[in-house]
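Colleague:
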Amino acid sequence: MNTAYQIKPWTQVVTPHADILEGKLDNATYAASLSSVVRNSPNCPKVYRDARDFFNATYLTAELRKLLESVVKGLCGEAGDRVLQLRTPFGGGKTHALLCLYHLVQHRSQLQGIPQLDTLPNPGEVNVITLIGLDIDITGIPIENGPTVLTPWGYLAWKIGGYEAYALVETEDKQRIAPGNDKLRQIFADKTVLLLMDEVIIYVEGAMALTVGESNFGRQILTFIQKLTEVVRELPRAVLVYSLQASVQEAFGNEGVLNTLDKLVSRIDAKKEPVTGDEVMRVIQRRLFADVGDPAIIKEVARQQAELYRKFRESYAETNREKQQIQQQVEILAERIEISYPFHPDLLDLMYHRWGSLPSYQRTRGALQFLASTVYGLREANDTSWLITPANIPFHNEATRSAFFTQVGEREAYSSVLNADLIGRKAKVKIVDNRIGQDSPALALLKVGSRLTSAILMYSFGARGGEDRGILEQDVIAACLAPGLERTTITATLSDLREQLLYLHYVGKRYRFETKANLNKLVADEESNISGEEVLERIRTDLSKALQNPRGKVVLWPKDSAAIPDNVSQFSVVYLDPSWAEKSQELILADALTWLENRGNDKRDYKNALAFVIPKVVQMEKARKGARTALAISSLLEQKKKYKFTAGDTEELTSKGQESANEISAAIRRLYEDILLPVPDTTSNAPLRLEMIDLQSQLNTSQNLQDRVLDALKNYVFDSITPTKLVRLSGLENSETEFIKGEELVGYFFRFPNFPKLLGVDPIKKAILEAIANGVLGYVPRLTINADRPPNVENPALISFAKAIPADELDLSGYLLSPSLVMKLRAIVPADENQQILVSDSENDSNTSSGDVWGEVSRTTKAAGEGKKTVEYKSETSSIMRSVLVDIVDGKQKAHHYTLSAITNKSQIFELFQILPTLSDKADNMSITIEIKAHAVKGFDQNWLRNAIEEPLDEMDIKASTRLE
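Here it is in structure tokens:
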């Protein structure tokens, strides 16, 4: 057989009974009523009234046939059980079993030719008596063409033997006192009687309210039933079959009566369960379908559905033993599908095992009505599924929905649940279905989200013993398997449903719907109350925290160029606001260049101190989403008393709030991807241009955004500068420039794009201090500048040069001096004004003979600008001129500072260097200033000078200046 032919939709295989095809789905259609059949009521469906139609629509299970056989044999006088109690599940209900007995015994002649009945014994004429608790009243039981009796024993006596038999118990009937066993034996005598009793509990419960002497009528009825069972068991041709509810829930809460009656008769009766296990599936097939279809097609559907199940389960299997167990489960599933077709056995199992625990669940009529409505609704919708599963219940169909609520209850509470999440015009599941359909058009018709939602809803009511409500992920996947639907798709869809559906709860790894909106709905509703301004303020706050960093200045979301400071000696990173994420790249470059050039209506001065960081629209939207959710959750937690949150609710909200905060952080880390940095424009006449730097391409993994930005700019923005470079940029190494104000030099760095970009003024200060200590710059706090003559200083002692000075003594409002200017300003004044020459001669002055030791001529002078006298020594035979403070000569002061100035030639330079280590050993600090004047007749090669002389000095970080003439 061709597979394409075999795998037809179930709608093309089965033929439902006429009542389904005609849409006759009311409860009465499936409510078998023994009373209506006995009375031959025209309102009773013909399928119940007509004995032949009834058996044609009835699947005789093995146990049900045994029941029929046991009863008719008992009526024939054969050995066997005479008192039988019925306990049955839905699909082959207790009343249905009683109807089978009624038709078989009362209308045997109409049932000729039915193979499954022909082999049963025929007891002949039987007095069939029915006692139905719903039809009789405690005030009296009217008898057709007879009196109104008051009790079941009065009724039984009249139906068996008329007034003659009734007379035996007339007194007991009128007094409502149960008769003794002997009178009951007299009533039955040797007659062939089948007594069918249904819904007895209801009648007994009502009779409990009627007082009889020191007892009550209900107790008398229970006593009667006990005696009746004792008598019937002894009679040769009488059989009593009665039904009790299978559970306390079915007994409408009459647990005490149920237990009492069960104990009274438990010693006598034989409990029969006409339908057991999977036979209920056959019962349902026979009742709902006139023709189930081609067995070969059904077998192939079962095989392929079981194969889907195998693949799914094997995706979890790890051992061969597990795979063997799966093989067994697959074989069982295929067999069960064949006997439950077109229903998936999981659907019938959940109704029996889960819904069966619900007080509202009607095991026979309600179950059949729901399944019939489902069949009708799916046929109307042209369902193309292989099977009817929990995943394709047509909740959009009103009849199906009504039958569903009849079974599970809570119609009012759950109607809003269905409308909000599954069937409403704006049902949340449509969002999931549409997304999946867009991602994978092949899955659009499957409506994966709706399939899973329907299945979870079905499993949200009732529970197996010892389990919680709801369904585990593996079970819901198994219930929703369909061709072309992979496990990964179902798993991803479940995740989407958890986020989207308002009433879906995921508790203890189980999915279930509840009438209380889950926290997702509350969060979603609260999110709608959060304004856009609040969202942006939350992002700004979190971004501000993420940007806390001592390096550089942060300007966050300036509203215009005027909000970006100018003339600040610090490099500023401008983080532009979300509106920039919506701009085109061309507009971003144009607007950023305008902000760079201008500060409001004024021209910007410090253009070399800015960088612009541009936000990205995708990450901004993620940040907005996270911020809105975080604000909503925070608001809900503040209102926890109003919403009466449990500890679990609070914990879940707190966890979701942390997740949202993490979403904001993650979005912020990737929010800014491009940096615009002003650099000199070498390609046009413009002084500068904006260079785009990709922040995301950097290797830095720091969580601090400012760190990552500055790291991306490490080749453009620096936190140090060498004294050599500073001197060169200051221009003081040129003969034309001898001084510059410190703050003016600072301004150059932050003003001109051809100057290095520095994080702040500290690197400049540090370089200046090193340059002063190294003798390549001089510094003086005040300098007198005249246009018509050289600059001068009032007190040369204030000049700092070739010595270390504390950082706090460097005031950038002071002046930086070239070494040549320092020398000029420190020049010695004329001798006639400042010095006194003393000739070393013992005859003239013995007090100035200290120079005799040296054999030198000495003279005493005042140190220029310091007011301290010095003694200078110069020997005629020495090349050294010595100058020593008088206080040192007189022993009043120790000698701490030694300055050596020397002039040498090319051949002597290396000999000079040989004495420097000796001096270095005795000195704590040394500063060496060398001035070299080299001359080449053929001229110096500039490249050679740069490579051989200047670059090695630069590499050794030796401060130097050169001049080439």
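The end of the sequence shown is residue 1484 by this note's numbering, with every number in the run present. In this text, a Cβ means the ideal position worked out from N, Cα and C, and glycines have one as well. All of these numbers come straight from a predicted model, not from anything done at the bench.
1) Can you have a look at Leu1571 and say buried or exposed, based on whether 16 or more other CB atoms are within 10 angstroms of its CB?
2) Relative to the C-alpha of Asp868, which candidate in Leu890, Asn1273, Ser879 has its C-alpha closest?
3) Looking at the unbroken alpha helix (DSSP H) that takes in Asn646, where does it start and where does it end?
4) Who are the Cβ neighbours of Phe1271 in its own chain at under 7 Å, not counting the five residues just before and after it?
5) For Thr649, is the classification buried or exposed, using 16 other Cβ atoms within 10 angstroms of its Cβ as the cut-off for buried?
6) By a C-beta neighbour count over all protein chains shown, 10 Å radius and 16 as the cutoff for buried, is Gly1297 buried or exposed?
7) Considering only the alpha carbon of each residue, which of Ile942, Thr838, Val1299 lies closest to Ser1332?
8) Around the Cβ of Val1456, are there at least 16 other Cβ atoms within 10 angstroms (buried) or fewer (exposed)?
9) Any idea which residues DSSP pairs His1024 with across the strands?
10) Using only CA atoms, which one of Val1132, Ile1133, Ala1111 lies nearest to Arg1123?
11) Taking buried to mean at least 16 other C-beta atoms within 10 Å of its own C-beta, is Tyr682 buried or exposed?
12) Name the residue from Met716, Val1087, Leu1472 whose alpha carbon lies nearest to the alpha carbon of Tyr1486.
13) Based on Cα-Cα distance, which residue from Lys543, Ser1179, Val1073 lies nearest to Val1132?
14) Select from Ile662, Ile856, Phe1432 the residue whose C-alpha is nearest the C-alpha of Ala998.
15) Pick helix, strand or coil for Ile1477, following the three-state DSSP scheme.
16) Please identify the residue among Glu931, Glu1192, Phe1268 whose C-alpha is closest to the C-alpha of Ile1283.
17) Closest by CA to Ala1205, which one among Met1211, Asn1273, Arg558, Tyr1094?
18) For Ala523, which residues of its own chain have a beta-carbon under 6 Å away from its beta-carbon, when the five flanking residues on both sides are left out?
19) On a Cα-Cα basis, can you pick out the residue from Glu1192, Gly885, Lys592, Thr1202 that is closest to Thr638?
20) Output the distance between the C-alpha atoms of Lys830 and Ile1009, rounded to the nearest integer angstrom.
21) In the DSSP assignment, the alpha helix (DSSP H) including Gly1297 goes from what residue to what residue?
22) Once the 5 residues before and after Leu1340 are set aside, which same chain residues still bring their CB inside 8 Å of it?
23) Among Ala1146, Gln625, Leu827, Pro1436, whose alpha-carbon lies nearest the alpha-carbon of Ala1180?
24) Please state the DSSP three-state secondary structure of Ile1083.
25) Could you say if the stretch 937-955 and the stretch 1013-1025 meet the contact criterion of at least three C-beta pairs nearer than 8 Å?
26) Check whether the stretch 831-840 and the stretch 888-904 are in contact - that is, three or more C-beta pairs closer than 8 Å.
27) Are the CB atoms of Ala815 and Leu852 nearer to each other than 9 Å?
28) Using three-state DSSP, classify Leu1429 as helix, strand or coil.
29) What residue range does the alpha helix (DSSP H) around Lys1072 cover?
30) Considering Cα atoms alone, identify which of Arg983, Glu541, Ala1001 is closest to Leu906.
31) Mind reading off the beta-carbon distance from Ile1049 to Leu1150? Whole number of angstroms is fine, and I expect it under 8 Å.
32) Grab me the residues of Arg1006's own chain with a C-beta within less than 8 Å of its C-beta, minus the 5 sequence neighbours each way, in chain order.
33) Looking at C-beta atoms only, is the number of pairs between the stretch 735-749 and the stretch 688-708 that lie closer than 8 Å three or more?
34) In the DSSP assignment, what residue or residues form a beta bridge with Gln1089?
35) According to DSSP, is Ile845 helix, strand or coil?
36) In the structure shown, what three-state DSSP assignment does Tyr978 receive?
Modeller: So, from the data block:
1) In this structure the chain extends from 520 to 1484, so residue 1571 is not present and cannot be described.
2) Leu890
3) Element bounds for Asn646: not the alpha helix (DSSP H) but the beta strand (DSSP E), 646-651.
4) Asn1127
5) It is buried - the Cβ of Thr649 has at least 16 other Cβ atoms within 10 Å.
6) Taking every protein chain shown into account, the CB of Gly1297 has 16 or more other CB atoms within 10 angstroms, so this residue is buried.
7) Ranking Ile942, Thr838, Val1299 by Cα distance to Ser1332 puts Val1299 first.
8) Exposed, because fewer than 16 other Cβ atoms sit within 10 Å of the Cβ of Val1456.
9) Arg1031
10) Ala1111
11) Tyr682 counts as exposed, since fewer than 16 other C-beta atoms from the protein chains shown sit within 10 angstroms of its C-beta.
12) Because the chain is modelled from 520 through 1484, residue 1486 falls outside the range shown and cannot be assessed.
13) Val1073
14) Ile856
15) coil
16) Phe1268
17) Asn1273
18) Note that Ala523 has pLDDT 41, beneath the 50 cutoff, so the model's placement of it is unreliable and the number below is only indicative. Answer for Ala523: no residue qualifies.
19) Lys592
20) 14 Å
21) Careful: Gly1297 lies outside any alpha helix (DSSP H), inside the beta strand (DSSP E) at 1297-1299.
22) Glu1257, Phe1258, Gly1297, Pro1310, listed in sequence order.
23) In terms of CA proximity to Ala1180, Ala1146 leads the group Ala1146, Gln625, Leu827, Pro1436.
24) coil
25) yes
26) no
27) no
28) For clarity, residue 1429 is Phe in the given sequence; the question names Leu instead. Reduced to three states, the DSSP call for Phe1429 is helix.
29) Not the alpha helix (DSSP H): Lys1072 falls in the beta strand (DSSP E), residues 1072-1075.
30) Ala1001
31) 5 Å
32) Phe831, Ser834, Ile996
33) yes
34) For Gln1089, DSSP records a beta bridge to Gly1279.
35) helix
36) coil
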